[in-house]
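If you read the protein sequences in the order shown, they are chains A and B. With numbering that gives the first Met the number 0, the residue at position 98 of the first sequence is 97, and numbering never jumps. With numbering that gives the first Met the number 0, the residue at position 98 of the second sequence is 97, and numbering never jumps. Quick reminder that beta carbons are idealized off the backbone N, C-alpha and C, glycines included.
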Amino acid sequence: MQTLPVNGYDMAYLDVGDGPPLVCVHGSLCDFRIWFCVLGPLSKERRVVPVSLRHFFPERWDGRSDTYSIAQHVADVIGFIEQLNIGPVDLMGHSRGGHVAFRVAQQRPDLIRKLILAEPGGELDATLDPDTQPGPSPLAARIATAADKIAAGDVEGGLTFFFDAIEGPGAWTRLPATPKQQLRDNAFTLIGQARDGRPPFSKTDAEAIKMPTLFIGGARTKGTLPRVLQALAAHVPNARTVMIPNATHPMFEQAPQRFCEIVQEFLAEA
Amino acid sequence: MQTLSVNGYDMAYLEIGTGRPLVCVHGTLGDFRTWSAVLGPLSKNHRVISVSLRHFFPEHWDGVGDDYLMVQHVADMIGFLEKLGDGPVDLMGHSRGGHIAFRTAQLRPDLLHRLVLAEPGGELDATLDPTVAPDGTSQRAARFAASASKVSEGDIEGALKLFFDTIEGDGAWGRLPAAPKQQLRDNVFTLIGQAGENRKPYAKAEAQSIETPTLFIGGAATKGSLPAVLRALAAQVPGARTAMIEGCGHWMFEQAPEQFSAIVTEFLEG
């Protein structure tokens, strides 16, 4: 695959289409392939650049180094955009990739023209959610349990546990073989994710995001992600939100055409 | 994307892994993304090179032109393998891509180490099937021509449904998840080209002339004429092996990616 040297690591990426650049960052257990279903419509009018973060497929990581963290991935995406050397890009992130994209935008607004956050992953601190409990969130606890299973050799058990925590009981079993295999290809990244060191979002963080920002959600997503999206969208100054009916967390896989329409419309505006 | 210039056309491809090249050729409405489910398992032991044929995504072809021909795609495949230039490669084709791989092996056995044909597409001539119509028409060919007409008339969904249901049975298109649907939709205009591709039926002497060690892979639940084509060819290709995957239809590598990959890897390394 094509790679760019970033912070001592060869970051793999795909590069499809011509036009204004849109860098895409996948979430947990995913990689550059997660964007395949939207590559067609999006690449008609722009240059779409899905990356694979450090330690995700095509790398075959065994979970055994301490180079997996939010901070490292944020630094890597910053480095990647700098290496592209084409000026400010549009940046899109899904789930944990949305958290990464948010932090990139917060630290290096000069690199970003517009920001798209598809149900960004993370937790809210007390300035955004007064009911927040101190200590690890329920989701963080589940990630740790899933990571322990995988490290102990129970890959299917760990993946089932993690996936059902996000999409509901039985969801892993119902998932078709193709998306399942692509998550399985990245199973060991959960071991790293248990040590992510991911800071919660704060009101000040959200208020610091300066560029036009689009939040996209699935109207039927379960758990805490919708609340995180709403809280951030309420405080990012130049934000809009679009919910996709009948969709859950992987909303672009469930409604690729609608997702692309929403993204194209937002990016094409002056 | 990475491309190789072949016969005046920049052929896009995805390349993952190290070792002997395993060049993978998609079928009707497919492209380099077709093999995404097996990229992980296969790239453990092979240098997987998944190509997009002329006029398939990432090209956004509109169906206009007269170079969408079977002979052109075969010539492009040969040209691509010549350009790789690393010694004999393994070649795997699915459906129409299996037809292309078969013709490549027929014309240029010197380029190949092993051949994998996953339910190769095409028709049998009278030397392989005495019941075949003398003028070479078939019900399946007629339905594909009808799909192409629908595309020309602007009935994109109707064309895709007719094509997909012809292969996988009534209602199959309706049951297909949105993500794989979109990837087929991205290539819908190639149906127009396919209607005029001038594909020849398989002949007994052709199958008997294949020198390359060959594995046929089928889905035990595949409907229609493809299983009969597979059996007829496998009976004539010297030393050919056959593996049928239970519970799978025509896109068997999407439905059983680990099993498919294990079968392929065992054959290629044997």
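Keeping to the same chain, check which residues put their C-beta closer than 6 angstroms to that of B/D87; ignore five residues upstream and five downstream. Rather than Asp, the amino acid found at residue 87 of chain B in this sequence is Pro. Contacts found: L111 and H112.
Counting only Cβ-Cβ distances shorter than 9 angstroms, please list the residues of the stretch 32–59 of chain A near chain B, keeping chain order. Within the stretch 32–59 of chain A, the qualifying residues are R32, F35, C36, V37, L38, G39, P40, S42, K43, F56, P57 and R59.
By a C-beta neighbour count over all protein chains shown, 10 Å radius and 16 as the cutoff for buried, is B/K82 buried or exposed? exposed
Do A/I208 and A/A125 have their CB atoms nearer than 8 angstroms? no
Rank B/A204, B/L114, B/R174 and B/G62 by C-alpha distance to the C-alpha of B/K149 and give the top, closest one. B/G62
Can the beta-carbon of B/L52 be found closer than 8 angstroms to that of B/V187? no
Mind listing which residues of the stretch 156–180 of chain B have their C-beta closer than 9 angstroms to chain A's C-betas, in chain order? P176, A177, A178, P179 and K180
List the residues that DSSP assigns as beta-bridge partners of A/H93. A/A117
Tell me which same chain residues have a C-beta within less than 8 angstroms of the C-beta of A/D75, skipping the five on either side of it? V5, N6, Y8, M10, L52 and R53
Would you please verify whether the beta carbon of A/P133 is less than 8 angstroms from any beta carbon of chain B? no
First and last residue of the uninterrupted alpha helix (DSSP H) at A/C259: P255 to A267
Under a Cβ-count criterion, where at least 16 other Cβ atoms within 10 Å of its own Cβ denotes burial, should B/V70 be classed as buried or exposed? exposed
When the Cα atoms are used, what is the spatial distance from A/E122 to A/E260? 29 angstroms
Could you confirm whether any beta carbon from chain A is found closer than 8 angstroms to the beta carbon of B/E14? yes
Alpha carbon to alpha carbon, how far is B/F259 from A/L228? 40 angstroms
Following a CB-centred definition, is B/P57 positioned closer than 7 angstroms to any heavy atom of the ligand PLP? Among the components of this structure there are no ligands whatsoever, and the ligand PLP is therefore not found.
Report the residue from B/G64, B/E58, B/D89 and B/G96 whose alpha carbon sits nearest the alpha carbon of B/A74. B/A74 has its Cα closest to that of B/G96, out of B/G64, B/E58, B/D89 and B/G96.
Chain A within 8 angstroms of B/M243, Cβ atoms only: no
Reduced DSSP category for B/P20 - H, G, I as helix; E, B as strand; rest coil: strand
Buried/exposed call for A/T203, threshold 16 Cβ in 10 Å: With fewer than 16 Cβ atoms within 10 Å of its Cβ, A/T203 is classed as exposed.
Rounded distance between the beta-carbons of A/E81 and A/G97, thought under 8 angstroms: Going by Cβ atoms, the distance from A/G97 to A/E81 rounds to 21 angstroms, so no, they are not a contact pair.
Excluding five sequence neighbours on each side, which residues of the same chain lie with their C-beta closer than 8 angstroms to the C-beta of B/T126? A202, K203 and A204
In chain B, which residues lie with their C-beta within 7 angstroms of the C-beta of A/E260? The contacting residues do not exist; A/E260 stays about 12 angstroms from chain B at best.
As assigned by DSSP and simplified to three states, the class of A/V227: helix
Sequence-distant residues of the same chain with beta carbon closer than 6 angstroms to A/F56, five excluded per side: D30, D184 and N185
State yes or no: is the C-beta of A/C36 within less than 8 angstroms of the C-beta of A/E264? no
In angstroms, rounded to a whole number, what distance separates the CA positions of A/R107 and A/V73? 10 angstroms
Give every residue of the same chain whose Cβ lies closer than 8 angstroms to the Cβ of A/I85, excluding the five residues on either side of it in the sequence, and list them in chain order. P20
Please report whether the beta-carbon of A/P175 lies at a distance below 8 angstroms from any beta-carbon of chain B. yes
State buried or exposed for B/T33, treating a residue as buried only when at least 16 other CB atoms are found within 10 Å of its CB. buried
Classify A/R197 as helix, strand or coil using the three-state DSSP reduction. coil
Nearest to A/L38 by alpha carbon, out of A/L28, A/G26 and A/V22? A/V22
What runs of the beta strand (DSSP E), each 3 residues or longer, lie entirely inside the stretch 145–169 of chain B? none
Per the contact definition of three or more C-beta pairs closer than 8 angstroms, is the stretch 125–142 of chain A in contact with the stretch 217–228 of chain B? no
Out of A/T144, A/P244, A/M250 and A/E206, which has the shortest C-alpha to C-alpha gap to A/E166? A/M250
Flag A/A100 as yes if its beta-carbon sits less than 8 angstroms from any beta-carbon of chain B, otherwise no. no
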